[in-house]
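Some notes on the structure that comes next.
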Amino acid sequence: MLLAPNAKDPAILSYFALRKAVGGIALGLPFAVAIPWFLYSHMLEGSISYYYYTGMRNLFEGSLCAIALFQLFCRGYDVWDDLAGILS
Numbered sequence: 106m107l108l109a110p111n112a113k114d115p116a117i118l119s120y121f122a123l124r125k126a127v128g129g130i131a132l133g134l135p136f137a138v139a140i141p142w143f144l145y146s147h148m149l150e151g152s153i154s155y156y157y158y159t160g161m162r163n164l165f166e167g168s169l170c171a172i173a174l175f176q177l178f179c180r181g182y183d184v185w186d187d188l189a190g191i192l193s
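Numbering-wise (our numbering), the sequence shown opens with residue 106 and increments by one.
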């Protein structure tokens, strides 16, 4: 009989922390690149991907790399889930 995982299990807590970190980065990225660039140049770009060509490139790339690393460290339910996570 399988038991439900304990809510205080460190593996479960770290997985939830990982998911929260990815969500925080994804939700904060548009604001993190747009607000400083707007204060510097007094204009907003039409697309979030255009911030790659501005002075906010390092922050944009760093956020995408962090999300990519989180995706690599997430474990799936089976081999196909792991493979899909690595290829994404």
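For glycine and all other residues, C-beta sits at the position ideal for the given N, C-alpha and C.
For residue i, the first and last residue of its enclosing alpha helix (DSSP H)
i      : result
Cys170 : 162-178
Leu192 : 184-192
Rounded Cβ spacing between residue i and residue j (contact assumed at less than 8 Å)
i      : j      : result
Trp142 : Met161 : 5 Å
Ala131 : Ile172 : 7 Å
Given residue i as reference, the closest of the options once Cα atoms are compared
i      : options                : result
Ser152 : Phe136, Gly128, Gly190 : Phe136
Ser119 : Ser193, Ser146, Arg180 : Arg180
Three-state class that DSSP yields for residue i in the structure shown
i      : result
Gly133 : helix
Gly128 : helix
Ser152 : coil
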